[in-house]
Structures are given as structure tokens and as C-alpha cells.
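Per the numbering used here: the sequence shown = residues 743 to 913. Before any comments, here is the structure.
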Amino acid sequence: MPADGSPQAAAKAGKTYYLPKGLHARLKAGWWATREHPTLSAVVSSVLESETDRLEREHNDGQPFPIATAPLGPRARGVNGESHTYYLPLAVHERFVSAWAGTRTQPDAAASVSARAAELLEAEAARLERAFNDGQAFPPAPPGARGVDPAVARQQGETMSKIWQKRRSEK
Numbered sequence: 743m744p745a746d747g748s749p750q751a752a753a754k755a756g757k758t759y760y761l762p763k764g765l766h767a768r769l770k771a772g773w774w775a776t777r778e779h780p781t782l783s784a785v786v787s788s789v790l791e792s793e794t795d796r797l798e799r800e801h802n803d804g805q806p807f808p809i810a811t812a813p814l815g816p817r818a819r820g821v822n823g824e825s826h827t828y829y830l831p832l833a834v835h836e837r838f839v840s841a842w843a844g845t846r847t848q849p850d851a852a853a854s855v856s857a858r859a860a861e862l863l864e865a866e867a868a869r870l871e872r873a874f875n876d877g878q879a880f881p882p883a884p885p886g887a888r889g890v891d892p893a894v895a896r897q898q899g900e901t902m903s904k905i906w907q908k909r910r911s912e913k
């Protein structure tokens, strides 16, 4: 925790996954309609973290896998896909990649990190549709649909406050 006592947000970065065309829009529509999480990236983070926890429990005595240094697997061939970047806590992405690398020899393992992310996000979109829309696809989210990460909003507010205080003191 920082010296001022405010909670410190986990380090985040944009992480890119190659997904089947339309999956991002489907997941975004489900998120926008339900707002179970403050942002779409928070949905992705939650899904990846849950899968990582499961893999660690089932294949590594509940312990994190060693940090992966192996390639992330081949890009999906023959998939009509596109890349999408999500703003995730670095620890979540690194644990997910390491869990994939630590279990990629299992019979049901995906060929790449993106392929596994696509499987998980497809399942999440279907879950949202079943739970909140009678199994039907949601209407598309508005093009500018964005959530608000409370920690980032708080950090932005603090930064702006400091800028204004500095400007006032310079007058």
C-alpha cells in the first residue's frame, strides 16, 4: 500500500489475444448488457484468472507455475480471426501464460495462449447469454461502450488534483 494509505492498483498493461472474428463483439455485447464487471477488460481478467486457478489446482498442487519463457504457441491457422487488446493486470496475464505453458502437454490443451483465451471467452459469452438473455445473443454494444475502472478513475482524479494544485501555486 502506498504511504498515503490508499490502495495501490496492480500494474496493468495492454495484452493482445488473437480471437475468432466476432467473439470480441459478442463478449462486449454481453458485458455491456449485464455489467457484471466494471470494464470488458475486467471480464477477460476474471475469466483468465479463474482458469489459471483451476489449472494450478489440478496440475500443480495449487501453486503457480514457473514463469513461462517458452513461445506462446502458433497463431491459429485457418481461423477467421482478429487481434484484440485488453488492459489486464500483468500478474493475471503472466500467470495465465505460465499455466498454459505448464499444461500444454495435456490431452485437452489448446495449441496457443490465444486459442485457450478464445475458448474461455466463448464460454463466458455463452454463459452471459444463458444467464441474462434466455440463451440469445445480446444486441451489439454501442461503438463507444466503455466501462470505468474505479482504481484508474481514482488515480486519474488524484493526478488531476496534483496538476491543478501545482498550477494554483505557480500563480
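We put the CB at the ideal spot given by N, CA and C, even for glycine.
So, are the CB atoms of residue i and residue j less than 8 Å apart?
{"i": "residue 838", "j": "residue 772", "result": "no"}
{"i": "residue 780", "j": "residue 877", "result": "no"}
{"i": "residue 786", "j": "residue 870", "result": "no"}
{"i": "residue 765", "j": "residue 860", "result": "yes"}
{"i": "residue 782", "j": "residue 834", "result": "no"}
Relative to the alpha-carbon of residue i, which residue among the options has its alpha-carbon at the smallest distance?
{"i": "residue 927", "options": "908, 807, 760", "result": "As shown, the chain starts at 743 and ends at 913. That puts residue 927 outside it, with no answer to give."}
{"i": "residue 886", "options": "802, 752, 770", "result": "770"}
{"i": "residue 774", "options": "823, 832, 851, 875", "result": "875"}
{"i": "residue 811", "options": "800, 844, 882, 899", "result": "844"}
{"i": "residue 798", "options": "776, 846, 909, 784", "result": "846"}
{"i": "residue 788", "options": "909, 865, 802", "result": "865"}
{"i": "residue 848", "options": "801, 792, 903", "result": "801"}
Among residues of its own chain, excluding the 5 on either side of residue i, which ones have a beta-carbon nearer than 6 Å to its beta-carbon?
{"i": "residue 756", "result": "827, 829"}
{"i": "residue 758", "result": "825, 827"}
{"i": "residue 842", "result": "855, 858"}
{"i": "residue 903", "result": "none"}
Pop quiz: residue i and residue j are said to be a contact at Cβ under 8 Å. What is the actual Cβ separation, rounded to whole angstroms?
{"i": "residue 768", "j": "residue 867", "result": "5 Å"}
{"i": "residue 763", "j": "residue 823", "result": "6 Å"}
{"i": "residue 814", "j": "residue 754", "result": "Rounded, the Cβ-Cβ distance is 19 Å, inconsistent with contact."}
{"i": "residue 778", "j": "residue 809", "result": "Incorrect: roughly 30 Å between the Cβ atoms, too far for contact."}
Who are the near neighbours of residue i in its chain, counting only those whose CB is closer than 7 Å to its CB and skipping five residues on each side?
{"i": "residue 906", "result": "none"}
{"i": "residue 752", "result": "831, 833"}
{"i": "residue 900", "result": "none"}
Leaving out five residues before and five after residue i in sequence, what residues of the same chain have Cβ atoms less than 8 Å from its Cβ?
{"i": "residue 883", "result": "767, 770, 771, 773, 774, 775"}
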